[in-house]
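Residue numbers are given in numbering that gives the first Met the number 0: position 155 of the sequence shown equals residue 154, and the series is strictly consecutive.
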Amino acid sequence: MRLTGDPAPGTMNSSSGSGNFLLVPIPEYPLLDCLPNKTVKIVVLGASNVGKTALIVRFLTKRFIGDYEANTGALYSRKVTLDGEEVSLQIQDTPCVALQDDAEGLYCQEQINRSIYWADGYVLVFSITDHNSYRTIQPLYQHVRRIHPSGNIPVILVGNKSDLLRARQVSADEGETLAASLGGVYFEASARENHEGVHSTFLHLCQEVIRVLGGGNGEKRRGGLHLARPKSPNMQELKRRFRQVLSSKVKSSTTL
Ligand SMILES: Nc1nc2c(ncn2[C@@H]2O[C@H](COP(=O)(O)OP(=O)(O)OP(=O)(O)O)[C@@H](O)[C@H]2O)c(=O)[nH]1
Numbered sequence: 000m001r002l003t004g005d006p007a008p009g010t011m012n013s014s015s016g017s018g019n020f021l022l023v024p025i026p027e028y029p030l031l032d033c034l035p036n037k038t039v040k041i042v043v044l045g046a047s048n049v050g051k052t053a054l055i056v057r058f059l060t061k062r063f064i065g066d067y068e069a070n071t072g073a074l075y076s077r078k079v080t081l082d083g084e085e086v087s088l089q090i091q092d093t094p095c096v097a098l099q100d101d102a103e104g105l106y107c108q109e110q111i112n113r114s115i116y117w118a119d120g121y122v123l124v125f126s127i128t129d130h131n132s133y134r135t136i137q138p139l140y141q142h143v144r145r146i147h148p149s150g151n152i153p154v155i156l157v158g159n160k161s162d163l164l165r166a167r168q169v170s171a172d173e174g175e176t177l178a179a180s181l182g183g184v185y186f187e188a189s190a191r192e193n194h195e196g197v198h199s200t201f202l203h204l205c206q207e208v209i210r211v212l213g214g215g216n217g218e219k220r221r222g223g224l225h226l227a228r229p230k231s232p233n234m235q236e237l238k239r240r241f242r243q244v245l246s247s248k249v250k251s252s253t254t255l
């Protein structure tokens with residue numbers, strides 16, 4: 000889901016009466032300030048209502064926010080310290096995916112495909128209270144594989160809403176078995192009740208991305224939608240060209 004609210008950067012408002020927060024998804028710092036060669040790009044994917052946005056917001060703000068609009072795909076960024084090193088982390092929230100009627104394929108918007116192509120690491124989320132959301136994960140992973148047919152794909156599987164034990168439809172064993180089949184690790188989390196669990200889940204994936212990419216992503220294993228850092232202009236070169244233009248103007252006026 001998408002967070003809404005007053006467009007003032009980084010502010011949070013208590014929506015009157017409900018006690019919920021509406022948060023503006025402004026990056027913590029401009030994307031162009033990303034540390035060169037130390038950027039980890041993560042995309043969060045899953046079925047509707049599983050808590051994708053809630054997990055991201057919990058990770059970034061330590062808060063649980065209960066009320067959102069349908070997700071249009073916000074990109075968040077933040078600096079994190081991993082093993083003593085600063086890394087720029089970009090997290091892409093996505094609209095939900097859904098199983099097609101035959102349960103083999105996926106309804107997946109083009110925007111999601113672009114995010115999958117762009118990302119270095121994948122958080123696949125289902126809700127432990129919704130078996131259908133769990134069934135979405137395998138085809139979703141196959142879809143990611145089709146977009147990245149070669150190479151090691153850093154992935155974690157998150158069974159969210161672990162606070163709703165009474166409504167559980169997916170066992171921890173099912174989660175672990177599925178994660179193992181995807182080559183990832185399974186985390187049960189509650190965006191509502193537990194910041195630490197959510198935090199360590201995201202950090203685990205960051206570490207996995209860095210491991211797979213061989214330390215930062217100076218050498219990308221594939222072409223992504225790079226957010227290129229603009230080169231700062233070379234002042235010496237600018238001055239030289241300025242002098243050149245001036246002298247040619249002087250010449251042309253003396254010849255007249
Ligand atoms: N009890 C409980 N509710 C949660 C948890 N995480 C999210 N929710 C609730 O589940 C609902 C959906 O959460 P979202 O974060 O919007 O889910 P989403 O996957 O982004 O939803 P889409 O926009 O449909 O893709 C909201 O009402 C949240 O308050 C959790 O850990 N526990």
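Note that beta-carbon positions come from the ideal geometry of N, C-alpha and C, so glycine has one too. None of these values were measured; they are calculated from a predicted model.
Check, Outcome
"When you compare only the Cα positions, how much space is there between GLU85 and ALA73?", "23 Å"
"Using 8 Å as the threshold, is the stretch 146-153 in touch with the stretch 163-177, meaning 3 or more CB pairs across them?", "no"
"Report the residue from SER87, TYR75, GLN137 and VAL157 whose alpha carbon sits nearest the alpha carbon of PHE125.", "VAL157"
"For GLY182 versus ALA188, is the C-beta spacing smaller than 7 Å?", "no"
"Please list the segments of the alpha helix (DSSP H) lying wholly inside the stretch 62-141, counting only runs of 4 or more residues, in order along the chain.", "109-117 and 130-134"
"Apart from the five residues on each side of it in sequence, which residues of its chain come closer than 7 Å, Cβ to Cβ, to VAL143?", "ILE115, TYR121 and ILE152"
"CB of ASN193 to nearest heavy atom of ligand 1: below 6 Å?", "no"
"Per DSSP, PHE186 is paired with what?", "VAL157"
"Return the CA-CA distance between LEU59 and ARG77, expressed in angstroms with no decimal places.", "8 Å"
"If you drop the 5 nearest sequence neighbours on each side, which residues of the same chain put their C-beta closer than 7 Å to that of CYS107?", "VAL96 and HIS142"
"ILE136 to GLY174, Cα distance in whole Å?", "10 Å"
"Would you check whether ligand 2 has a heavy atom nearer than 6 Å to the C-beta of LEU98?", "Ligand 2 is not part of the structure shown, which contains ligand 1 as its ligands."
"What does the alpha-carbon distance come out to for the pair VAL56 and LEU212?", "26 Å"
"Buried or exposed: ALA171, going by 16 or more other Cβ atoms within 10 Å of its Cβ?", "exposed"
"Would DSSP call LYS40 helix, strand or coil?", "strand"
"Considering only their Cβ atoms, is the gap separating LEU44 from CYS205 smaller than 7 Å?", "no"
"Regarding LYS160 and ligand 1, is the C-beta to nearest heavy atom distance less than 6 Å?", "yes"
"Going along the chain, which residues of its own chain have a beta-carbon closer than 8 Å to the beta-carbon of ASN131, five neighbours each way excluded?", "ALA46 and LEU98"
"So which of GLU192, HIS194, ARG191 and VAL169 has the shortest CA-CA distance to TYR185?", "VAL169"
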